[in-house]
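As structure tokens, the structure follows; a few thoughts come after it.
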Amino acid sequence: MDKLLYHFKNNPYYSLWRMSEVTLSDKETYALFIKQTEYKANVWSGNFTYIWAHTNSDKLTVFKAYVDDMLVTFILTNSGRLYMPCLPFGKGNAKEVTEVLIKCAIFCLEWNNDTNFSHKSTVNPLNEAQLAFLKQYPQFNNYFREEKLTGIERHYSIPKLVSLYGKDYANIRNKINKFNKTYPKARLRFYKPKDYEEVIKLGEIWEETSGKKYKKIIDEFYFEPIIKHYKELGHIILVIELGGKIIGMISAEILPTGEAWGCITKFNKDYIGLSEKLTTEIAKVINQLNPNVNTINVGSDLGSKGLAFYKERYRPVLNYKRYALFFIY
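Residue numbers in the sequence shown follow numbering that gives the first Met the number 0, run continuously in steps of one, and reach 328 at the last position.
Encoded structure:
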């Protein structure tokens with residue numbers, strides 16, 4: 000990888016675009032550019048915490064660059080593939096964003112031609128709201144084609160999760176009531192740094208039980224770093240404790256877009272109603288912190304029927320298809 004990085008950093012684009020590896024100190028920079036973005040910067044994986052979390056993987060390196068006053072993120076894998084994990088951030092209409100995408104796509108193509116990855120996507124992923132924005136530029140289809148990815152990205156209503164009103168939420172209410180009645184001594188509280196080892200152990204238990212149902216879910220590179228650096232990231236973490244033992248945890252953020260982002264949920268599946276309680280309690284905390292936040296993005300089901308069924312029970316108010324973009328050359 001050192002040889003690959005040396006070659007990459009000696010590429011003319013590197014100095015031209017003021018490229019550098021992404022670090023935790025870039026959080027405010029990303030927030031600034033995301034706030035200026037004119038398309039819906041709401042794809043689950045297109046936020047700073049998730050982008051930064053990739054820097055903890057030993058299989059890739061993450062770079063930021065400034066292209067025509069927009070902030071662009073690149074990922075270079077150890078095998079030599081270069082691509083963008085999200086669209087460019089910053090002020091720009093569909094034509095301007097597309098023009099930046101073209102420049103970046105050419106850079107990726109030139110690099111990937113040498114590493115035999117020119118057949119791979121240039122941007123992966125974006126959602127259908129972002130694709131619709133880009134297609135406002137009539138020439139967009141002359142340069143890019145899209146390919147649908149598996150899974151639907153779901154956004155829940157924060158106010159509805161807080162109230163749980165109506166028959167649509169009867170099942171969720173019943174599960175929570177059962178949990179509260181069965182475990183009256185369960186204690187909900189904010190995570191503390193001293194909980195780290197126990198929360199990591201909970202993650203291992205989840206992988207051995209509930210996680211087996213969702214084999215496509217891979218979070219080993221971001222679970223521990225996000226928990227460890229939750230304060231710097233502005234991350235909200237709740238835990239439920241019973242008998243002095245943490246049996247469930249959930250984390251989320253309020254993003255620069257004004258939306259909430261649901262990140263990590265781990266729980267012991269033996270406690271019926273625990274996952275439902277975690278989901279609704281994090282919604283209550285977000286609502287208390289900022290009543291103007293209306294939705295929480297809980298990500299894609301990745302094509303898992305079980306996960307799709309689970310998420311649909313919360314009656315998502317937005318459901319987005321996901322895509323990969325390929326450069327036409």
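A virtual CB, placed ideally from N, CA and C, is assigned to each residue, including glycine.
Query raised in the report: Assuming residue 160 contacts residue 278 under a Cβ cut-off of 8 Å, what Cβ separation, rounded to an integer in Å, is found between them?
Result: Yes, residue 160 and residue 278 are in contact; Cβ-Cβ is about 7 Å, under 8 Å.
Requested in this report: Starting from the C-beta of residue 267, find all residues in its chain whose C-beta is less than 8 Å away, skip the five residues before and the five after it, and write them out in chain order.
Outcome: Excluding sequence positions up to five before and after residue 267, its CB lies within less than 8 Å of the CB of 201, 204, 205, 208, 246, 247 and 273, all in the same chain and listed in chain order.
Report task. Just mark residue 269 as buried or exposed, buried being the case when its beta carbon has 16 or more other beta carbons within 10 Å. Result -> Looking at its Cβ environment, which holds fewer than 16 other Cβ atoms inside 10 Å, residue 269 is exposed.
Requested in this report: Alpha carbon to alpha carbon, how far is residue 290 from residue 79? Give it in angstroms, no decimals.
Outcome: Distance between residue 79 and residue 290, taken at the CA atoms: about 45 Å.
Query raised in the report: If you count every other CB in all the chains shown that lies within 10 Å of the CB of residue 68, and 16 or more means buried, which is it?
Result: Its Cβ having fewer than 16 others within 10 Å, residue 68 is exposed.
**Report entry** Closest Cα partner of residue 89 within the set 132, 179 and 31
**Finding:** Per the Cα distances, 31.
Report task. Could you pull out every unbroken beta strand (DSSP E) segment of at least 3 residues lying fully inside the region 231-308, listed in chain order? Result -> If we require 3 residues or more, the beta strand (DSSP E) runs fully inside the region 231-308 come out as 235-241, 244-253, 259-266 and 294-299.
Query raised in the report: Do residue 238 and residue 152 have their C-beta atoms closer together than 8 Å?
Result: It is not a contact, given that the beta carbons lie outside the stated cut-off.
**Report entry** Three-way DSSP call (helix, strand, coil) for residue 124 in this model
**Finding:** In the three-state DSSP reduction, residue 124 falls in the strand class (E or B).
Report task. Mind checking who residue 154 pairs with in its DSSP beta bridge? Result -> According to DSSP, residue pairing for residue 154 in a beta bridge involves 296 and 317.
Query raised in the report: Touching or not, the region 95-113 and the region 59-77, by the rule of three or more beta carbon pairs under 8 Å?
Result: Here the region 95-113 lies against the region 59-77, with 3 or more beta-carbon pairs under 8 Å apart.
**Report entry** Own chain, CB closer than 8 Å to residue 33, minus 5 neighbours either side, in chain order
**Finding:** Excluding sequence positions up to five before and after residue 33, its CB lies within less than 8 Å of the CB of 40, 46, 47, 88, 254, 255 and 256, all in the same chain and listed in chain order.
Query raised in the report: In chain order, what residues of the same chain have a beta carbon less than 6 Å from the beta carbon of residue 76, not counting five sequence neighbours either side?
Result: Contacts found: 59.
Query raised in the report: In terms of residue numbering, what span does the beta strand (DSSP E) encompassing residue 63 cover?
Result: Annotation for residue 63: the continuous beta strand (DSSP E) segment containing it runs 59-66.
Query raised in the report: So, using beta-carbon positions, are residue 38 and residue 132 closer together than 8 Å?
Result: Contact flag set, yes.
Report task. Name the two residues that bound the continuous alpha helix (DSSP H) containing residue 172. Result -> Here the alpha helix (DSSP H) through residue 172 covers 169-181.
Query raised in the report: What beta strand (DSSP E) runs, 3 residues minimum, are completely inside the region 70-132?
Result: Qualifying beta strand (DSSP E) stretches, in chain order: 122-126.
Query raised in the report: Do you know offhand how far residue 181's Cα is from residue 327's?
Result: Their backbone Cα atoms lie some 58 Å apart in a straight line.
Report task. Please state if the CB of residue 84 and the CB of residue 44 are separated by a distance shorter than 8 Å. Result -> Cβ distance < 8 Å, so residue 44 and residue 84 count as in contact.
Query raised in the report: How many angstroms separate the CA atom of residue 86 from the CA atom of residue 96?
Result: Separation of residue 86 and residue 96 (C-alpha to C-alpha, rounded to the nearest whole angstrom) is 8 Å.
Query raised in the report: With distances taken from CA atoms, which of 281, 318 and 303 is nearest residue 149?
Result: The shortest Cα separation from residue 149 among 281, 318 and 303 belongs to 303.
Query raised in the report: Are at least three pairs of beta-carbons, each pair with one atom in the region 107-125 and one in the region 318-325, less than 8 Å apart?
Result: Taking 8 Å as the limit for Cβ pairs, the verdict is that the region 318-325 does touch the region 107-125.
Query - Sequence-distant residues of its chain with Cβ nearer than 6 Å to residue 314 (five each side left out) - result: Taken in chain order, the residues that qualify are 167.
Requested in this report: Using beta-carbon positions only, say whether residue 82 and residue 119 come within less than 8 Å of one another.
Outcome: Yes, the Cβ-Cβ distance between residue 82 and residue 119 is below 8 Å.
Report task. Figure out for me which residue from 147, 197 and 223 has the closest Cα to the Cα of residue 301. Result -> Cα-wise, what sits closest to residue 301 is 147.
Query raised in the report: Out of curiosity, what's the CA-to-CA distance linking residue 214 and residue 176?
Result: At residue 214 the pLDDT is 48, less than 50, meaning the model places this residue with poor confidence and gives no usable figure here.
Report task. Pick helix, strand or coil for residue 39, following the three-state DSSP scheme. Result -> It is coil, neither helix nor strand.
Query - Reference residue 292, options 49, 184 and 158, closest by Cα - result: Across the set 49, 184 and 158, the C-alpha of 158 shows the shortest separation from the C-alpha of residue 292.
Requested in this report: Can you say whether residue 250 is buried or exposed, counting buried as having 16 or more other CB atoms within 10 angstroms of its CB?
Outcome: Flag for residue 250 reads buried.
Requested in this report: Could you name the residues of the same chain whose beta carbon sits closer than 7 Å to that of residue 156, not counting the 5 residues immediately before and after it, in chain order?
Outcome: Within the same chain, residue 156 has close Cβ partners 293, 294 and 316.
Report task. State the beta-bridge partners of residue 147 as determined by DSSP. Result -> Partner(s): 322.
Query raised in the report: Where does residue 19 sit, in a helix, a strand or coil, going by DSSP?
Result: In the structure shown, residue 19 sits in a strand (DSSP, three-state: E or B).
Query - Residue burial classification, residue 62 (beta-carbon count within 10 angstroms, cutoff 16) - result: Residue 62 comes out buried.
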